[in-house]
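Report on one structure; see the data block that follows.
Numbering (the numbering used here), first residue to last: 40 to 303.
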C-alpha cells in the first residue's frame, strides 16, 4: 500500500474514532465502510486509482501533484439491485463499476493523463438506505459536513493536485468554501448555464496547508450518471462547442492551464 493511501485511511479512522454523533461514528442514515475494494473503486471504498480493467487488483502508484476527480459520496451499504449495487455487493465481486465510472471515457477523450487521476468523494460514509443519488443524508448535519471538509482539505494536502474536477453540483458546492471562501458563487444553487454566466469556467482555487499555499485549477462538469439530461436541459458552451464536446474542451483547457509550459 502506498504511504499516501495509508495516511488517508488512517486519518478517516481517527475521525471515526471521535464518535461525535451521539456516540456513533457517523450521523443517522450513515455507516462506516466494512472493508475495501481490491479493484476499481472511488476512495474511500476503494483506493481511487485508475484501472483500465475494473477487476484488476494491481495497485498503481498514487498520483501526487496531478489530478483529483471528486464525486459526491460512495453510495449505499446494501442494495441488491444490479443497476445500482451497494457496497456489500461490490465487495463480493471486488470492484465497482456504476455509471459514475463513465468519467474514464470522458478523461480519455479530453486526452488527460487518466492514470494520474485520484478518484475520491466529498462526503464520507455509506448510506443505510438504497437511494444513491442526491445530497448525502449527512449533508445537513453541520458537524458532519465540517468533518468531511476537514478530511477533504487533508486529501488535498496529501495529493497536492494541480487540477480538481468536480462531478456535478453536489461536490462543486462542497468544495467552494474550502477553495474559494464561504460566500463564493460556487457554493450556491445554480444551473450550469447560470454558473457559467456569473464566473469563469476555469477557476483557480487557493488553500493554505502547513505554511504552503496550493492553488489548484478547479472545474465542474456534469455528473456522468446525468450527463445526457444535463446536455439536453442545461447545455453548456465552451470555445464554440456545446454539450459534451464543450466539457471535453473545458477539461483540455483546464489541464493546459494547470501545467503551463509542460509537455502534454
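Glycine included, each C-beta is placed from N, C-alpha and C at the ideal position.
Reference residue i, options the options, closest by Cα
| i | options | result |
| --- | --- | --- |
| residue 192 | 107, 70 and 288 | 107 |
| residue 189 | 50, 58 and 43 | 50 |
| residue 79 | 175, 168, 90 and 112 | 90 |
| residue 187 | 83, 147, 97 and 145 | 83 |
| residue 208 | 265, 101, 114 and 297 | 265 |
| residue 210 | 53, 165, 159 and 249 | 159 |
| residue 97 | 87, 105 and 103 | 87 |
| residue 206 | 259, 157 and 77 | 259 |
| residue 141 | 293, 283 and 294 | 283 |
| residue 135 | 114, 280, 146 and 184 | 114 |
Residue i: first and last residue of the uninterrupted alpha helix (DSSP H) it sits in
| i | result |
| --- | --- |
| residue 129 | 126 to 132 |
| residue 268 | 266 to 272 |
Residue(s) in a DSSP beta bridge with residue i
| i | result |
| --- | --- |
| residue 160 | 110 |
| residue 276 | 281 |
| residue 42 | According to DSSP, residue 42 bridges with nothing at all. |
| residue 260 | 206 |
Helix, strand or coil at residue i [DSSP, three-state]
| i | result |
| --- | --- |
| residue 166 | strand |
| residue 287 | helix |
| residue 139 | helix |
| residue 145 | helix |
| residue 185 | helix |
| residue 294 | helix |
| residue 303 | Note on residue 303: pLDDT 47, under 50, position unreliable in the model; the coordinate value appears next. Of the three classes helix, strand and coil, the one that applies to residue 303 here is coil, per DSSP. |
Practice item. Could you pull out every unbroken alpha helix (DSSP H) segment of at least 4 residues lying fully inside the stretch 229 to 255, listed in chain order? Key: 231 to 237
Practice item. Pick out the complete beta strand (DSSP E) segments inside the stretch 49 to 113, 3 residues or longer, and give them in chain order. Key: Counting only runs of 3 or more, we get 106 to 110.
**Study point:** 4 or more residues per run - each alpha helix (DSSP H) lying fully within the stretch 189 to 225
**Key:** Correct list: 208 to 218.
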